[in-house]
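Numbering (the working numbering), first residue to last: 76 to 474. Let me begin by presenting the structure, written as structure tokens, before commenting on it.
Here you go:
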């Protein structure tokens with residue numbers, strides 16, 4: 076029997092950052108592209124990103140800024156579509172932007188400017204976009220894919236899954252991308268919440284949560300899952316919340332934290348807090364301790380920390396022990412605030428089953444996975460957007 080004819084060259088599932096980028100890049104190559112989105116508008120998560128200003132890339136993007144069970148997978152795509160390439164696209168559309176800390180680039184105006192850029196590029200590439208269409212599943216037969224949708228079946232020569240992860244379900248996140256992957260025999264690395272606030276155990280909540288809103292700079296690190304691997308450490312702001320810890324440093328380390336493991340925070344990075352007490356003829360009492368620590372921490376946080384740790388031992392060795400505790404404040408979270416508050420999903424489709432240059436399935440020719448649905452997760456600060464752009468372009472160039 077001859078193969079049935081396809082209505083489209085490619086159907087892309089999900090009109091987020093990765094899906095829209097892939098759609099217009101494929102359209103520029105002369106492909107007939109249909110982009111499906113189950114919500115009523117495209118780019119919803121883009122609009123809330125970066126406090127509404129969209130941290131669209133990071134100048135310092137490197138493969139080392141990504142977490143994956145297959146750490147080399149992201150190298151090829153990231154090398155072929157770089158932050159400079161994204162900046163050039165933004166410049167062509169006259170979007171003004173600025174750099175914040177650590178290479179993070181944000182729109183001067185609203186994140187709507189990035190969504191408008193993507194929509195305009197799709198229009199110019201003659202991409203057909205349909206919103207409010209739910210994908211129910213994907214099947215393949217006779218070198219043709221059929222996408223079952225809430226409005227009826229659609230056919231294409233290729234399908235790109237850009238449905239994202241499970242983070243922020245109120246914005247429409249679902250597990251359909253994982254369901255499609257499983258239906259074609261793919262393996263998943265168990266998805267979990269990443270870049271997410273941490274929750275205190277009851278005893279720590281009683282000690283700290285009345286200090287909600289206080290923040291300080293700190294260095295965070297976690298125990299390594301393997302004695303041969305050292306997970307990265309992060310130096311940014313730590314924020315106490317009514318449930319636990321947040322702020323950039325807590326979000327960063329959350330992606331590496333594993334249930335039951337201990338987290339460690341240096342609350343006085345690069346500074347010996349109690350050095351003034353070691354000077355000749357210096358006072359050594361509770362008041363001197365408090366004065367020294369208040370120079371580094373918010374006053375109420377300094378007072379609480381000393382209440383919980385000070386022993387009244389003002390000898391050199393006693394002060395050294397207290398200093399060491401300040402640089403190694405430890406606690407074991409009870410958990411995280413889950414996908415509802417997570418900025419990303421860690422885990423996803425096992426990248427060993429994808430071609431690193433094209434994002435094409437090694438199991439099913441013509442089936443591609445891009446963006447957050449696969450097991451590549453960036454740090455906070457524009458890295459996940461850069462992965463969305465880079466993986467999308469890699470797939471589009473192969474369609």
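Just so you know, even glycine gets a beta-carbon here, dropped at the ideal spot from N, CA and C.
{"query": "Can you list, in chain order, the residues of its chain whose CB lies under 6 Å from that of residue 98, leaving out five sequence neighbours each side?", "result": "87, 108, 110, 197, 202"}
{"query": "Residues in its own chain within less than 6 Å of residue 490 by CB, not counting five upstream and five downstream?", "result": "Look at the range of the chain in this structure, 76 to 474, and you will see that residue 490 is not part of it."}
{"query": "Measuring CA to CA, which of 333, 424, 356, 115 is closest to residue 253?", "result": "424"}
{"query": "Look at residue 313 and residue 293 and say whether their C-beta atoms are less than 8 Å apart.", "result": "yes"}
{"query": "Which residues share a DSSP beta bridge with residue 197?", "result": "BP columns for residue 197 are empty, so no partner."}
{"query": "Got a sec, what are the start and stop residues for the beta strand (DSSP E) residue 530 sits in?", "result": "The structure shown does not extend to residue 530, since the chain is modelled only from 76 through 474, so no value can be given for it."}
{"query": "Using CA coordinates, which residue listed in 384, 133, 221 is at the minimum distance from residue 176?", "result": "133"}
{"query": "Taking only runs that begin and end inside the segment 157-212, name each unbroken beta strand (DSSP E) of 3 or more residues, in chain order.", "result": "172-174, 179-182, 203-205"}
{"query": "Can you look up residue 426 in the DSSP assignment and give me helix, strand or coil?", "result": "helix"}
{"query": "Does the beta-carbon of residue 457 have 16 or more other beta-carbons within 10 angstroms, so that it is buried, or is it exposed?", "result": "buried"}
{"query": "Which residue wins for smallest C-alpha separation from residue 400, given the options 384, 283, 261?", "result": "384"}
{"query": "Relative to the C-alpha of residue 310, which residue among 282, 334, 318, 339 is closest?", "result": "339"}
{"query": "How would you call residue 435, buried or exposed, if buried means at least 16 neighbouring beta carbons within 10 angstroms?", "result": "buried"}
{"query": "With respect to the beta strand (DSSP E) encompassing residue 290, which residues constitute its N-terminal and C-terminal limits?", "result": "290-297"}
{"query": "Taking the straight line between their C-alpha atoms, what separation do you get for residue 427 and residue 145?", "result": "7 Å"}
{"query": "When the Cβ atoms of the segment 178-187 are set against those of the segment 120-136, are three or more pairs found closer than 8 Å?", "result": "yes"}
{"query": "Could you tell me which residues DSSP puts in a beta bridge with residue 410?", "result": "274"}
{"query": "What is the rounded straight-line gap between the Cα of residue 349 and the Cα of residue 363?", "result": "9 Å"}
{"query": "In terms of residue numbering, what span does the alpha helix (DSSP H) encompassing residue 217 cover?", "result": "It is not in any alpha helix (DSSP H) - residue 217 carries neither H nor E in the DSSP assignment."}
{"query": "Return yes when the Cβ of residue 321 is within less than 8 Å of the Cβ of residue 61, no when it is not.", "result": "Residue 61 lies beyond the residue range present for the chain, which begins at 76 and ends at 474; the question has no answer from this structure."}
{"query": "Which ranges would you report for the beta strand (DSSP E) in the segment 102-145 if only whole runs of at least 3 residues count?", "result": "108-111, 130-133"}
{"query": "On a Cα-Cα basis, can you pick out the residue from 462, 246, 244 that is closest to residue 482?", "result": "Residue 482 is absent from the model: the chain starts at 76 and stops at 474."}
{"query": "Would you give the residue range spanned by the beta strand (DSSP E) that residue 266 belongs to?", "result": "263-269"}
{"query": "How is residue 315 classed by DSSP in three states: helix, strand or coil?", "result": "strand"}
{"query": "Among 410, 209, 215, 380, which residue has its Cα nearest to the Cα of residue 249?", "result": "209"}
{"query": "Give me, in chain order, the residues of the same chain whose beta-carbon lies closer than 6 Å to that of residue 149; leave out the 5 immediate sequence neighbours on both sides.", "result": "138, 141, 451"}
{"query": "According to DSSP, is residue 151 helix, strand or coil?", "result": "helix"}
{"query": "For the alpha helix (DSSP H) that contains residue 253, what are its first and last residues?", "result": "251-258"}
{"query": "In this structure, does DSSP put residue 455 in helix, strand or coil?", "result": "coil"}
{"query": "For residue 363, which three-state DSSP category applies?", "result": "helix"}
{"query": "Check whether the Cβ atoms of residue 272 and residue 205 sit closer than 8 Å, and answer yes or no.", "result": "no"}
{"query": "Counting along the chain, where does the beta strand (DSSP E) carrying residue 230 start and finish?", "result": "229-236"}
{"query": "Could you tell me which residues DSSP puts in a beta bridge with residue 61?", "result": "Residue coverage of the chain in this structure runs from 76 to 474, which leaves residue 61 outside it and unanswerable."}
{"query": "Taking residue 188 as the reference, which of 245, 121, 221, 229 has the closest Cα?", "result": "121"}
{"query": "Would you be able to state if there are at least three C-beta pairs under 8 Å between the segment 269-286 and the segment 394-413?", "result": "yes"}
{"query": "So, helix, strand or coil for residue 243, using DSSP?", "result": "coil"}
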